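Q: Per our numbering: the sequence shown = residues 5 to 216.
Quick one: the structure is below, questions incoming.
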Amino acid sequence: MIKSICRVLPFWAMFIIATGSVIVSCATTPAINNDTSISLNTGRSMNGETYTLWVFDEIQSVIIVNLVDRSRKIELACGEWSYDPATTELRILKEIPFQEYVASIEGNVLFPHTFVLNDIEEEEALAVILEDRLAIAGYDYSFEPENNQLVFRNDVNIKNISWCISYKTPGGSSMSGEWEADEQDKIEYLMAEHQKRYLDSWYDRQDSFWFF
5 MIKSICRVLP
15 FWAMFIIATG
25 SVIVSCATTP
35 AINNDTSISL
45 NTGRSMNGET
55 YTLWVFDEIQ
65 SVIIVNLVDR
75 SRKIELACGE
85 WSYDPATTEL
95 RILKEIPFQE
105 YVASIEGNVL
115 FPHTFVLNDI
125 EEEEALAVIL
135 EDRLAIAGYD
145 YSFEPENNQL
155 VFRNDVNIKN
165 ISWCISYKTP
175 GGSSMSGEWE
185 ADEQDKIEYL
195 MAEHQKRYLD
205 SWYDRQDSFW
215 FF
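Written out as structure tokens, the structure reads:
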């Protein structure tokens with residue numbers, strides 16, 4: 005199965021897709037670990053920034069792919085990019101001649117699997133799906149609002165299962181995940197179930213309503 009990550013940005017475009025402030029350096033000798041090695045594509049945000057969301061522990065390669073002509077690619081050398089695992093921002097230090105592009109990144113991610121949900125709003129609206137169910141906060145994963153980090157339990161390897169993370173940002177909704185095409189209905193059903201629980205919880209927290 006070919007693995008990919010899809011991220012829905014605020015303008016609803018879809019791209020196929022260690023904490024701390026230390027910059028991850030280029031890997032001179034690739035050290036592939038089957039448990040943590042991934043390849044993902046990520047595009048730029050509305051502000052022109054590039055984030056991986058999934059925290060990399062080591063990056064082996066960064067390739068810039070032209071979205072207009074995917075045969076046009078630029079492989080960045082060491083010194084032409086930098087990466088901050090505290091925010092998962094990938095900074096491209098080389099001038100790119102393409103107007104529209106995605107960054108294709110290969111490397112090893114941090115384990116337990118860790119994500120940084122930049123600009124997340126309303127922690128209560130955060131939805132996490134593992135296989136056929138909604139994940140349980142505090143059991144399947146933990147979320148730290150101080151640094152917007154979501155960390156899965158250390159015996160959960162999302163590389164081997166279908167999964168989804170959805171949350172609200174000031175600019176709209178963001179969704180990351182990996183699932184087969186025939187699982188789309190299941191994902192949508194579970195997201196609808198989460199939305200119902202979220203709305204029920206929201207109504208329970210209200211003291212009064214303007215229309216009463």
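All C-beta atoms in this analysis are idealised placements derived from N, C-alpha and C, irrespective of residue type, glycine included.
A quick note: this is a predicted structure, and the numbers were derived from the prediction, not measured.
So what does VAL155 bridge to, in DSSP terms?
A: Along the sequence shown, read from residue 1 onward, the residue named residue 155 stands at position 151. Partner(s): THR118, SER146.
Q: Assign ASP186 to one of three DSSP states: helix, strand, or coil.
A: Looking up residue 186 in the sequence shown gives position 182. Looking at ASP186 - three-state DSSP - the assignment turns out to be helix.
Q: Is SER41 near ASN112, with beta carbons less than 7 Å apart?
A: Position 37 of the sequence shown, counted from the first residue, corresponds to residue 41. Position 108 of the sequence shown, counted from the first residue, corresponds to residue 112. Yes; because the gap between Cβ atoms is below 7 Å, this pair is in contact.
Q: When DSSP labels each residue in this structure, what does LYS77 get in the three-state scheme?
A: For the purposes of this step, residue 77 is taken as the residue at position 73 of the sequence shown. LYS77 falls in the strand class under three-state DSSP.
Q: Please classify GLU62 as buried or exposed, where buried requires at least 16 neighbouring CB atoms within 10 angstroms.
A: If you number the sequence shown from 1, residue 62 lands on position 58. So GLU62 ends up on the buried side.
Q: Looking at the unbroken beta strand (DSSP E) that takes in ARG48, where does it start and where does it end?
A: What you label residue 48 is simply residue 44 of the sequence shown in a count that begins at 1. That residue, ARG48, is in no beta strand (DSSP E); it is neither H nor E in DSSP.
Q: Spatial neighbours of LEU203 within its chain, please: CB distance less than 8 Å, with the 5 preceding and 5 following residues excluded, ordered by chain position.
A: As a working mapping, residue 203 is identified with position 199 in the sequence shown. For LEU203, where only same-chain residues beyond five positions count, there are no Cβ hits under 8 Å.
Q: Can you find the residues in the same chain that come closer than 7 Å, C-beta to C-beta, to ASP123, ignoring five residues on each side of it along the sequence?
A: Here residue 123 refers to the residue found at position 119 when the sequence shown is read from its first residue. Result list for ASP123: THR173, PRO174, in chain order.
Q: Would DSSP call LEU203 helix, strand or coil?
A: Here residue 203 corresponds to residue number 199 of the sequence shown, with the count starting at 1. LEU203: helix per DSSP, three-state reduction.
Q: Looking at the unbroken beta strand (DSSP E) that takes in GLU110, where does it start and where does it end?
A: Here the question's residue 110 lines up with position 106 in the sequence shown. Taken as a continuous stretch (DSSP letters only), the beta strand (DSSP E) holding GLU110 covers 105–113.
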